[in-house]
Amino acid sequence: MKLIIVMVICLTACKQSKVQDHISKEFAADSLILLQMIASRERAMIEKDIETAMSQFSDDATWINSQGYYFEGKSDVRNFHRMLAANDSLDYFYQAGKAKVRLVSPETAIVYYPWKMFWYKKINSDTTFREIGLMTLNARKEKSGWKWIAVTNQHTPWFYDEIEAVKAD
Numbered sequence: 059m060k061l062i063i064v065m066v067i068c069l070t071a072c073k074q075s076k077v078q079d080h081i082s083k084e085f086a087a088d089s090l091i092l093l094q095m096i097a098s099r100e101r102a103m104i105e106k107d108i109e110t111a112m113s114q115f116s117d118d119a120t121w122i123n124s125q126g127y128y129f130e131g132k133s134d135v136r137n138f139h140r141m142l143a144a145n146d147s148l149d150y151f152y153q154a155g156k157a158k159v160r161l162v163s164p165e166t167a168i169v170y171y172p173w174k175m176f177w178y179k180k181i182n183s184d185t186t187f188r189e190i191g192l193m194t195l196n197a198r199k200e201k202s203g204w205k206w207i208a209v210t211n212q213h214t215p216w217f218y219d220e221i222e223a224v225k226a227d
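In the working numbering, the protein residues as written are 59 to 227.
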């Protein structure tokens with residue numbers, strides 16, 4: 059009888075280990091996909107390829123920009139991005155820092171990344187405004203893959219190459 063109990067415990071532990079390994083591999087794969095989405099977003103913003111940037115958003119996406127304006131729905135988020143890219147007197151330099159992924163569940167993730175957007179005049183090329191901040195993107199895994207569902211920007215006084223956890227004493 060003791061032998062049967064030991065065997066059941068061993069089999070249960072082995073199954074749990076295999077399940078944990080599968081979950082870990084799936085989370086790692088999802089994290090990589092989300093990091094690639096940030097890299098693709100950065101390229102799209104640099105190239106002013108708004109349709110590529112917008113392909114990552116769900117139809118019900120929301121966006122709060124760094125000034126606190128709230129955009130609801132993919133159409134309004136797209137219009138906001140088009141406004142950035144199509145400014146007739148200003149152009150920008152865009153850079154994303156190293157992203158940090160937090161998988162909340164198999165279908166939900168939060169991605170944080172530092173960004174900077176330096177605005178300059180198209181004629182004279184003087185930098186007129188330096189925006190620096192952190193972006194928080196909430197993602198949902200849909201049938202078609204991961205999609206951004208809610209984005210919030212906040213200004214910060216400096217650019218972080220990487221986001222590090224800190225402890226409050």
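Even glycine gets a Cβ: it sits at the ideal position worked out from N, Cα and C.
Just verifying my parser: in three-state terms, what is the DSSP assignment at T120? strand
Near Y50, which residues of its chain fall below 6 Å by C-beta distance, leaving aside the five closest residues on each side in sequence? It is not possible to answer for residue 50, since the shown part of the chain is limited to 59 through 227.
Which value, in whole angstroms, describes the spacing of the CA atoms of A208 and I168? 9 Å
From the DSSP output, in three-state form, read off D149 for me. If DSSP states are grouped into helix, strand and coil, D149 belongs with the strands.
How is the alpha helix (DSSP H) around K132 delimited, first residue to last? For K132, the enclosing alpha helix (DSSP H) stretches over residues 132 to 143.
In whole angstroms, give me the CA-to-CA distance for N196 and A143. In a straight line, the C-alpha of N196 is about 23 Å away from that of A143.
Our contact map puts L148 next to W121 with C-beta atoms below 8 Å; I'd like the distance itself, whole angstroms only. Not quite, the Cβ-Cβ distance comes to about 20 Å (not below 8 Å), so this is no contact.
Which term fits D184, buried or exposed, when burial requires 16 or more other beta carbons within 10 angstroms of its beta carbon? Flag for D184 reads exposed.
Spatial neighbours of W216 within its chain, please: C-beta separation below 8 Å, excluding the five flanking residues on both sides. I190
Mark S116 as exposed unless 16 or more other C-beta atoms lie within 10 angstroms of its C-beta, in which case mark it buried. buried
Check the C-beta distance from S89 over to L161 and give it rounded, since I have them as a contact under 8 Å. 6 Å
Start and end residues, alpha helix (DSSP H) containing T110: 108 to 112
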